[in-house]
DNA sequence: CTGAAAGCGCTTACAG
DNA sequence: CTGAAAGCGCTTACAG
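Protein chains in written order, with the numbering used here: chain U, 1 to 338; chain Y, 339 to 676.
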């Protein structure tokens, strides 16, 4: 250990670099070590350090889809919360896929201080070796003993159903995400259940990946039939799907919201500035990341998040209905737009 | 080491688990070890292993913007090339920012087998300690001794200028990205230089972040003046900017391409399906990732990528002009659309 | 307050 | 072909 050339033992150096000097190292030695460290440009080797303490200081975030603006906000939240203490690293997988068990094992062999898992499938969780502190994100609909932070998407779906029914819609279509994450099932089922209560008919369904163009195409293909069925509103599983519908509606000269009401989930930035603005269920993405980061921090500090009841581990973040120009009563026709 | 209970030494186990048995371990012992390994569910500890060999098997990809569809393709390319051999991990930074020197030092202390750096600024590279194998991606316009893989964005810009001039445009506007990555400067300068050669006037410029809504807003604000100046085409630094222009043009009932031609850079998926389709310079993102992955692999294998000439380290991927419906001659008016 | 020593879990010459 | 041993760079009881 080069820095031992400060004239002290490696033990002392270690104490100083790790900030455990309180009542254990003299001020003079601290100064000496600090000087030597900066002179030599020394930097603690993460590998040796991690091996000695049994775990590294990295936190690995595992997610099926790194590249979408919604997830970017989640990451921001996590980073803001744990970024100073831990090194946050993203696992990279094929777009839309969770890592294979083999990859996870590799990840785990790095002895991360903790694991953050976003939108896992039930199978993924089942195959996950229970190793070390872990917090789940956005896992609505999946059973797990691990602490989790979720959105209350069902409540949002209910508000959406209330809103549309209140506007007088009686026949709606649902454009779902086909990525197979449980949260989408929860959204859809909650909406359909509540629509039924209001006597609102979910007359048709379609699904695509989370992609504007794919959604536009699916809507274009389905619309003739939906129109025949008397559909006056399209509820979309994500804002991205709604953008596709909005786009296609514009091309087809379908007045929104006069002829067709459109809604989404997420409240991505563009939903505010699109024309018309998109009525959507806001899911607080940044807050999700922050909350998950905080939970992990508590876990790492040795706190027991549990509590006796089963829900003690799970934090649920409220969702919120944001009403904008894309919804109005059915048949309000041209001129009502905006 | 638990697996030593296979009845052999730890050295033998290590030889087997790392696959270096060739002529060094008897078939019987290999079998014994394999059995013990699977019985115990043993998995080589990455920390100990990495420390012993001096470096880990992770490759860290550093990039300013993880969450955009273009970068997703780059990642895909990298993963496809090195994913089997190394553990690819993404560094997480504030959106649009490169990591700070302190973060990079932390990253480096994990002793990654290699580093991949996407779209770095000159300052970032200057501050980067020259540690270990590294390949730069998309670094057009930045000087560096490190091997790099770039797009020939200047050639694309030239083709674009040729195309617009050929269609008869004489006055155009340039909507740039303000993210400050050098590649955007290169695109713009190459375009402007070549426009001038054709006698085409770049009469106005504006810039926004890479965001549809921001671009739409900027265009909406600038258009009155641009129109007064006689602008008949808007050249955008990225496809995303062009989407904003396309959107705003539709709202303002500006016929594209009849009244206004619009172009982009990237060729994102949506550019093919938008209406009209977007004329753009295709930058082969996946191939960029693959090429960079391959370069790094060669570097890690100890190959010298150099060569005597300065360009020996740098691979340049060709760009390609994709002409779609968003460009036509000026003043072709309504009815010419598509 | 300080240093010598053991140990984290592996790999790799080395001697047999 | 095999095992005992040294060593990777740190941290942490432990004895002083």
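Every residue gets a Cβ at the ideal spot worked out from N, C-alpha and C, and that includes glycine.
Presumed contact (8 angstroms Cβ cut-off) between residue i and residue j, rounded CB distance
i, j, result
"residue 594(Y)", "residue 607(Y)", "About 19 angstroms; that fails the 8 angstroms criterion."
"residue 590(Y)", "residue 561(Y)", "7 angstroms"
"residue 457(Y)", "residue 476(Y)", "5 angstroms"
"residue 400(Y)", "residue 448(Y)", "Their Cβ separation, rounded to whole angstroms, is 13 angstroms, which puts residue 400(Y) and residue 448(Y) out of contact at 8 angstroms."
"residue 317(U)", "residue 288(U)", "6 angstroms"
"residue 8(U)", "residue 29(U)", "5 angstroms"
"residue 322(U)", "residue 163(U)", "That belief does not hold up - the Cβ atoms of residue 322(U) and residue 163(U) are roughly 10 angstroms apart, past 8 angstroms."
"residue 601(Y)", "residue 664(Y)", "7 angstroms"
"residue 313(U)", "residue 148(U)", "6 angstroms"
"residue 273(U)", "residue 554(Y)", "7 angstroms"
Candidates the options: closest to residue i by CA position
i, options, result
"residue 603(Y)", "351(Y), 610(Y), 618(Y)", "618(Y)"
"residue 50(U)", "87(U), 7(U), 25(U), 70(U)", "87(U)"
"residue 546(Y)", "583(Y), 460(Y), 531(Y), 396(Y)", "583(Y)"
"residue 397(Y)", "548(Y), 658(Y), 466(Y), 638(Y)", "638(Y)"
"residue 375(Y)", "384(Y), 352(Y), 360(Y), 363(Y)", "352(Y)"
"residue 35(U)", "216(U), 6(U), 165(U)", "6(U)"
"residue 464(Y)", "451(Y), 442(Y), 452(Y), 450(Y)", "442(Y)"
"residue 228(U)", "171(U), 273(U), 198(U), 128(U)", "171(U)"
"residue 199(U)", "250(U), 167(U), 178(U), 296(U)", "167(U)"
"residue 129(U)", "243(U), 101(U), 147(U)", "101(U)"
"residue 452(Y)", "364(Y), 435(Y), 416(Y)", "416(Y)"
"residue 435(Y)", "370(Y), 511(Y), 519(Y)", "519(Y)"
Cutoff 8 angstroms: residue i Cβ touching any chain U Cβ
i, result
"residue 383(Y)", "yes"
"residue 409(Y)", "yes"
"residue 608(Y)", "yes"
"residue 580(Y)", "no"
"residue 413(Y)", "yes"
Beta carbon of residue i nearer than 8 angstroms to that of residue j
i, j, result
"residue 232(U)", "residue 261(U)", "yes"
"residue 153(U)", "residue 187(U)", "yes"
"residue 498(Y)", "residue 462(Y)", "no"
"residue 551(Y)", "residue 72(U)", "no"
"residue 220(U)", "residue 248(U)", "yes"
"residue 480(Y)", "residue 460(Y)", "yes"
"residue 69(U)", "residue 405(Y)", "yes"
"residue 624(Y)", "residue 403(Y)", "no"
"residue 211(U)", "residue 240(U)", "yes"
"residue 315(U)", "residue 82(U)", "no"
"residue 385(Y)", "residue 90(U)", "no"
"residue 513(Y)", "residue 575(Y)", "yes"
"residue 112(U)", "residue 177(U)", "no"
"residue 328(U)", "residue 230(U)", "no"
"residue 677(Y)", "residue 668(Y)", "Chain Y is shown from 339 up to 676; residue 677(Y) falls before or after that span and cannot be answered."
"residue 483(Y)", "residue 446(Y)", "no"
"residue 25(U)", "residue 12(U)", "yes"
Test: residue i CB closer than 8 angstroms to a CB of chain Y
i, result
"residue 325(U)", "no"
"residue 251(U)", "yes"
"residue 48(U)", "yes"
"residue 66(U)", "yes"
"residue 92(U)", "yes"
"residue 193(U)", "no"
"residue 79(U)", "yes"
"residue 30(U)", "no"
"residue 95(U)", "yes"
"residue 177(U)", "no"
"residue 51(U)", "yes"
"residue 88(U)", "yes"
"residue 56(U)", "yes"
Residue i CB to nearest heavy atom of the ligand ADP below 7 angstroms
i, result
"residue 40(U)", "By its list of ligands, the structure shown contains no ligand whatsoever, and the ligand ADP lies outside what it can speak to."
Task: Members of the region 550-569 of chain Y that neighbour chain U once the beta carbon cut-off is set at 8 angstroms - done: 550, 551, 554, 555
Open item on the list: Residues of the region 437-453 of chain Y in Cβ contact with chain U at a cutoff of 9 angstroms, in chain order, please.
Closed with: 441, 443, 444, 445, 446, 447, 448, 449
TODO: Using a Cβ-Cβ cut-off of less than 9 angstroms, list which residues of the region 463-478 of chain Y approach chain U; keep chain order.
DONE: For the region 463-478 of chain Y, the set of residues with a beta-carbon nearer than 9 angstroms to any beta-carbon of chain U comprises 467, in chain order.
Task: Short-range partners of chain Y found in the region 270-300 of chain U, where Cβ spacing is below 8 angstroms - done: 270, 272, 273, 274, 275
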